[in-house]
Ligand code: HEC
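Residue numbers (my numbering): 186 to 336.
In structure tokens, the structure reads:
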């Protein structure tokens, strides 16, 4: 059987074109996968910045505890680091009995008289500096202050 050279060229061209299209598709897939992974890279970078808290901002505190803290406590206490008095972050974890904590804040000197070991050790650690009494603060106000500290 004789093969028509025209037909042969046609089949050849068809094969080459198909191959070309397949290669283009392949290249497209590879490129797509590449750009997608670089996007994932970008997003994970951003979320790791979020995790470290750099871009995270808390809305401003609205309760009255903030002003009470600023007016009564801030000349000696910061929340995140010690000053004249200890840093107050997580203070409610250190005082498992909240009655004791309220007693301390109202009158630390009278609370020391109970012989409480933790409080007396703290008093010593701070060179016996006396935290003033706050007999005018109500329990509700102390709660507000603690809420602000824990915010
Ligand atoms: C004149 C300084 C001064 C002021 C004002 C003051 N404190 Fe203190 N506070 C201290 C010192 C000093 C200590 C460490 C113990 C000590 O020496 O009596 C302390 C300890 C504490 C502790 C125990 C901390 C811990 O780590 O367990 C709490 C709670 C506390 N203060 C709350 C308050 C609150 C709430 C106010 C405001 C209503 C306040 N303080 C105002 C000086 C002060």
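Every residue gets a Cβ at the ideal spot worked out from N, C-alpha and C, and that includes glycine. Remember, it's a predicted structure, so these values are computed and weren't measured experimentally.
Contacting residues, own chain, Cβ-Cβ under 6 Å from residue i (five flanking each side not counted)
i	result
residue 309	none
residue 303	none
residue 299	none
residue 230	For residue 230, the predicted structure reports a pLDDT of 44, less than 50, and the residue's modelled location is therefore unreliable. A value from the coordinates is still provided. Nothing listed; no residue qualifies.
Close beta carbons around residue i, own chain, < 7 Å, minus the five adjacent residues each side
i	result
residue 251	333
residue 248	329, 332, 333
Cβ-based neighbour list, residue i, same chain, cut-off 8 Å, excluding 5 preceding and 5 following
i	result
residue 320	291, 292
residue 283	277
residue 307	271
residue 274	264, 265, 334
Residue nearest to residue i in terms of C-alpha spacing, selected from the options
i	options	result
residue 322	260, 214, 256, 294	256
residue 287	302, 301, 324	324
residue 317	295, 326, 299	295
residue 149	327, 266, 200	The structure shown does not extend to residue 149, since the chain is modelled only from 186 through 336, so no value can be given for it.
residue 279	335, 197, 243	335
Rounded Cβ spacing between residue i and residue j (contact assumed at less than 8 Å)
i	j	result
residue 330	residue 253	5 Å
residue 269	residue 258	With a Cβ gap of about 10 Å, residue 269 and residue 258 do not count as contacting.
residue 285	residue 265	Contact doesn't hold; Cβ gap of about 24 Å is too wide.
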